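Chemist:
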RNA sequence: GCGCCCGUAGCUCAGCUGGCAGAGCAGCGGACUCUUAAUCCGUUUGUCGAAGGUUCGAAUCCUUCCGGGCGCACCA
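In the working numbering, the protein residues as written are 4 to 502.
Structure (structure tokens):
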């Protein structure tokens with residue numbers, strides 16, 4: 004802000020233009036509103052009627068191209084809908100306005116009033132009767148030039164695209180389209196759930212204990228309370244408290260925070276959807292999940308199929324259900340007997356060429372083997388069901404087989420997009436699970452679930468049978484939009500701070 | 001955290017077996033009243049990511065650091 008470094012030439016030139024405008028009594032930052040009659044694409048769509056009636060239209064937007072000639076000029080204005088060409092002719096706008104063109108640049112905002120016509124070369128164009136500078140840009144817009152589908156120059160630098168996303172949005176239509184689709188994904192999720200009577204709720208981001216998932220939290224400090232607080236890593240435990248409170252059908256779609264590495268598949272803060280429905284079970288949640296994803300894909304992709312990484316993926320329900328252990332035997336040749344003891348489990352992992360030195364839990368080994376051996380093949384939507392108890396401290400045990408739980412993970416494009424279970428509502432069992440997690444924590448597992456006495460108290464007041472669902476919204480959006488990195492569907496992905 | 005790759009003008013990029021830092025676009029000046037990658041004439045622009053080293057001489061070679069991308073690890 005207070006930097007006294009000499010401004011570079013481009014900036015100085017534009018400051019001079021700003022001053023020149025002000026010297027003529029025009030302050031580009033003075034206008035507060037411009038009442039447009041049509042968006043750019045509306046001009047194009049309604050051309051016949053507009054040109055026939057000869058009515059006056061008013062359009063506004065950012066200048067994205069500018070071709071100045073001696074006594075006539077063309078430019079393109081871009082607004083939220085698209086682009087429309089504007090024709091400025093000396094005879095039509097007068098010498099005084101025409102002279103102002105000298106102080107206008109690509110990137111400035113302009114409001115134009117005029118009539119609609121078609122140029123000799125066929126482009127629908129607004130011929131200006133007058134124009135108004137609505138705001139000036141002091142820095143250059145790194146916009147490419149465009150002819151048909153081809154694009155020259157533009158903004159390629161990945162870091163700049165993420166740090167200065169506003170430039171990416173102005174300059175790269177494909178990036179804007181992707182991000183708008185991501186916004187559409189969250190909107191359609193809300194619409195789907197609200198239409199089915201789910202209440203959208205907000206629960207604490209700052210929590211005394213961060214539970215509901217296996218992950219390392221961010222820890223912050225509250226001065227007045229003189230206490231450390233954790234940024235939430237999931238939404239689960241507070242939403243279940245609301246089910247205890249008879250809200251029955253709730254969801255939250257909001258940020259959670261995990262203190263882990265950053266990669267194309269991981270952002271430290273990401274958008275998680277969690278849904279809880281009382282009086283339904285895992286199978287009810289499977290149907291809900293299928294219908295939800297089907298609805299979102301149809302709305303965003305225009306039909307039940309989309310392409311991801313070269314695969315055509317069809318999300319039309321129903322999706323196949325496969326038990327986790329059966330799948331493991333199929334693609335890794337391991338059975339439950341291999342997981343009888345920690346040592347035999349490690350041995351099974353080593354047979355498959357996986358490093359096992361760090362592994363200290365059977366569940367962790369099962370998870371790792373599944374991830375390496377089975378996930379790559381799960382391209383079409385698939386429910387993997389019946390996860391081992393050790394991996395699932397918040398899920399009900401499977402009746403008749405307490406080694407397993409009533410849980411599923413939904414895979415799509417070889418990625419886990421949903422995780423759900425019949426929620427454990429037995430407070431005594433839940434207490435035992437927390438104790439087991441505590442033992443794992445003592446054994447060195449930094450991501451073991453914390454012992455949450457307050458949550459147990461809520462369960463002890465009684466929670467109805469409930470099905471719960473979690474969906475990583477960013478990953479779902481990345482799949483539907485066929486982008487390789489989460490950063491492409493997050494407006495401002497996390498980067499190391501500059502300097 | 002580890003490994004590999006990248007960083008040159010406002011933008012997109014050449015230059016990299018060491019020898020005067022370049023092109024197109026943007027900008028600036030001029031011509032041009034239907035252009036559209038406007039065209040034509042002229043022209044400016046650099047801490048070559050930073051610091052140090054080798055060398056008569058470094059954008060180029062070496063070291064360290066900063067920032068980014070990808071892979072691995074952790075995870076969703």
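Glycine included, C-beta positions come from ideal geometry on N, C-alpha and C. None of these values were measured; they are calculated from a predicted model.
Whole angstroms is fine: what's the gap from residue 383's alpha carbon to residue 333's?
Modeler: Residue mapping note: residue 383 aligns to position 380 of the first chain, counting from 1. Residue mapping note: residue 333 aligns to position 330 of the first chain, counting from 1. Each residue's Cα considered, the two are about 17 Å apart.
Chemist: Going by C-alpha to C-alpha distance, which of 208, 227, 197 sits closest to residue 254?
Modeler: Taking the first residue of the first chain as 1, we reach residue 254 at position 251. Residue 197 is the option with its Cα nearest to residue 254.
Chemist: Quick one, are the C-beta atoms of residue 165 and residue 496 less than 8 Å apart?
Modeler: Residue mapping note: residue 165 aligns to position 162 of the first chain, counting from 1. Residue mapping note: residue 496 aligns to position 493 of the first chain, counting from 1. Against a cut-off of 8 Å, the Cβ pair of residue 496 and residue 165 comes out as a contact.
Chemist: Just tell me which of 372, 303, 453, 377 has its CA closest to the CA of residue 351.
Modeler: Locating residue 351 in the first chain gives position 348, where the first residue counts as 1. Comparing Cα positions, the closest option is 372.
Chemist: If you drop the 5 nearest sequence neighbours on each side, which residues of the same chain put their C-beta closer than 6 Å to that of residue 65?
Modeler: By one-based count along the first chain, residue 65 stands at place 62. Excluding residues within five positions, the ones whose Cβ falls inside 6 Å are 81, 112.
Chemist: Hey, residue 483 and residue 304 are a contact pair by Cβ (cut 8 Å); roughly how many whole angstroms apart?
Modeler: Taking the first residue of the first chain as 1, we reach residue 483 at position 480. Taking the first residue of the first chain as 1, we reach residue 304 at position 301. Contact holds; Cβ gap of about 6 Å.
Chemist: Count the other C-beta atoms from every protein chain shown that fall within 10 angstroms of the C-beta of residue 156, then say buried if there are 16 or more, exposed otherwise.
Modeler: Here the question's residue 156 lines up with position 153 in the first chain. Looking at its Cβ environment, which holds fewer than 16 other Cβ atoms inside 10 Å, residue 156 is exposed.
Chemist: With burial defined as no fewer than 16 other Cβ atoms inside 10 Å of the residue's Cβ, what is the status of residue 477: buried or exposed?
Modeler: Looking up residue 477 in the first chain gives position 474. Residue 477 comes out buried.
Chemist: Taking the straight line between their C-alpha atoms, what separation do you get for residue 110 and residue 141?
Modeler: Sequence index remark: in the first chain, residue 110 carries index 107 (1-based). Sequence index remark: in the first chain, residue 141 carries index 138 (1-based). If you take the alpha carbons of residue 110 and residue 141, they lie about 8 Å apart.
Chemist: Can you grab the Cα-Cα spacing for the pair residue 419 / residue 378, in whole Å?
Modeler: Locating residue 419 in the first chain gives position 416, where the first residue counts as 1. Locating residue 378 in the first chain gives position 375, where the first residue counts as 1. Their Cα atoms are separated by approximately 8 Å.
Chemist: Sorry if obvious, but does the Cβ on residue 332 come closer than 7 Å to a heavy atom of the ligand NAP?
Modeler: Annotation note on the ligand NAP: not contained in the displayed structure, which lists no ligands.
Chemist: Which residues in the same chain as residue 44 place their Cβ atom closer than 6 Å to its Cβ, once the five residues preceding and following it in sequence are excluded?
Modeler: Position 41 of the first chain, counted from the first residue, corresponds to residue 44. Correct list, in chain order: 84, 85.
Chemist: Does DSSP put residue 389 in a helix, in a strand, or in coil?
Modeler: For the purposes of this step, residue 389 is identified with residue 386 of the first chain, where counting begins at 1. Correct three-state label for residue 389: coil.
Chemist: Spatial neighbours of residue 128 within its chain, please: C-beta separation below 8 Å, excluding the five flanking residues on both sides.
Modeler: Residue mapping note: residue 128 aligns to position 125 of the first chain, counting from 1. 77, 87, 88, 89, 90, 119, 120, 121, 122, listed in sequence order.
Chemist: Just to confirm, are residue 228 and residue 455 a CB contact at a threshold of 8 Å?
Modeler: Within the first chain, the letter at position 225 stands for residue 228. Within the first chain, the letter at position 452 stands for residue 455. Against a cut-off of 8 Å, the Cβ pair of residue 455 and residue 228 comes out as no contact.
Chemist: Going straight from the alpha carbon of residue 42 to that of residue 49, what length do you get?
Modeler: Here residue 42 refers to the residue found at position 39 of the first chain. Here residue 49 refers to the residue found at position 46 of the first chain. Each residue's alpha carbon lies about 10 Å from the other.
Chemist: Under 8 Å, with one C-beta from each stretch per pair, do the region 385-401 and the region 202-210 reach the 3-pair mark?
Modeler: No, because fewer than three Cβ pairs between the region 385-401 and the region 202-210 fall closer than 8 Å, the two stretches do not touch.
Chemist: Within 10 angstroms of its Cβ, does residue 175 collect 16 or more other Cβ (buried), or is it exposed?
Modeler: Position 172 of the first chain, counted from the start, is the residue given in the question as residue 175. With 16 or more Cβ atoms within 10 Å of its Cβ, residue 175 is classed as buried.
Chemist: Using beta-carbon positions only, say whether residue 299 and residue 307 come within less than 8 Å of one another.
Modeler: The residue labelled residue 299 in the question sits at position 296 within the first chain. The residue labelled residue 307 in the question sits at position 304 within the first chain. Not closer than 8 Å, so no.
Chemist: Where do the N-terminal and C-terminal ends of the alpha helix (DSSP H) with residue 192 fall, by residue?
Modeler: Mapped onto the first chain, residue 192 falls at position 189. That run of the alpha helix (DSSP H) goes 176-198.
Chemist: In the structure shown, what three-state DSSP assignment does residue 223 receive?
Modeler: Counting from 1 along the first chain, the entry for residue 223 is found at position 220. Residue state, collapsed to three classes: strand.
Chemist: Given this structure, state the Cα-to-Cα distance separating residue 414 from residue 185, to the nearest angstrom.
Modeler: As a working note, residue 414 is residue 411 in the first chain. As a working note, residue 185 is residue 182 in the first chain. Rounded to whole angstroms, residue 414 to residue 185 spans 19 Å at the Cα level.
Chemist: With DSSP collapsed to three states, give me the class of residue 260.
Modeler: Taking the first chain and counting its residues from 1, one reaches residue 260 at position 257. Residue state, collapsed to three classes: strand.
Chemist: Kindly indicate the opening and closing residues of the beta strand (DSSP E) around residue 129.
Modeler: For this step, residue 129 is matched to residue 126 along the first chain. Element bounds for residue 129: 127-138.
Chemist: Considering only their Cβ atoms, is the gap separating residue 469 from residue 435 smaller than 8 Å?
Modeler: Mapped onto the first chain, residue 435 falls at position 432. Mapped onto the first chain, residue 469 falls at position 466. Not a contact, by the Cβ cut-off of 8 Å.
Chemist: For the alpha helix (DSSP H) containing residue 430, list its first residue and its last residue.
Modeler: Translated into positions along the first chain, residue 430 becomes position 427. From DSSP, the alpha helix (DSSP H) with residue 430 extends over 430-445.
Chemist: With distances taken between CB atoms, is the gap from residue 489 to residue 267 smaller than 8 Å?
Modeler: Along the first chain, read from residue 1 onward, the residue named residue 489 stands at position 486. Along the first chain, read from residue 1 onward, the residue named residue 267 stands at position 264. Against a cut-off of 8 Å, the Cβ pair of residue 267 and residue 489 comes out as a contact.
Chemist: List the DSSP bridge partners of residue 412.
Modeler: Locating residue 412 in the first chain gives position 409, counting from the first residue. According to DSSP, residue 412 bridges with 387, 422.
Chemist: Report the option in 417, 492, 24 whose CA atom is closest to the CA atom of residue 273.
Modeler: In the first chain, residue 273 corresponds to position 270, counting from 1. Nearest C-alpha to residue 273: 492.
Chemist: What first and last residue would you give for the beta strand (DSSP E) that runs through residue 68?
Modeler: Mapped onto the first chain, residue 68 falls at position 65. Here the beta strand (DSSP E) through residue 68 covers 60-71.
Chemist: Given a threshold of 16 other Cβ atoms within 10 Å of its Cβ, counted over all protein chains shown, does residue 260 qualify as buried or as exposed?
Modeler: To locate residue 260, count along the first chain from 1; it is residue 257. Buried, since its Cβ has 16 or more Cβ neighbours within 10 Å.
Chemist: Taking the alpha-carbon positions, what's the residue 195 to residue 433 distance?
Modeler: As a working mapping, residue 195 is identified with position 192 in the first chain. As a working mapping, residue 433 is identified with position 430 in the first chain. Between residue 195 and residue 433, the C-alpha separation is close to 32 Å.
Chemist: Strictly by DSSP, which residues pair up with residue 269?
Modeler: Start at 1 with the first residue of the first chain, and residue 269 comes out as number 266. Its beta-bridge partners are 266.
Chemist: By how many angstroms is the C-alpha of residue 222 removed from the C-alpha of residue 262?
Modeler: Numbered from 1 along the first chain, position 259 holds the residue referred to as residue 262. Numbered from 1 along the first chain, position 219 holds the residue referred to as residue 222. Going from the Cα of residue 262 to the Cα of residue 222 covers about 9 Å.
Chemist: Taking all protein chains shown into account, decide if residue 396 is buried (16 or more other Cβ within 10 angstroms of its Cβ) or exposed.
Modeler: Here residue 396 is taken as the residue at index 393 of the first chain, counted from 1. When all chains shown are included, residue 396 counts as buried.
Chemist: Pick out the complete alpha helix (DSSP H) segments inside the region 333-382, 4 residues or longer, and give them in chain order.
Modeler: Within the region 333-382, the complete alpha helix (DSSP H) runs of at least 4 residues are 345-354, 365-376.
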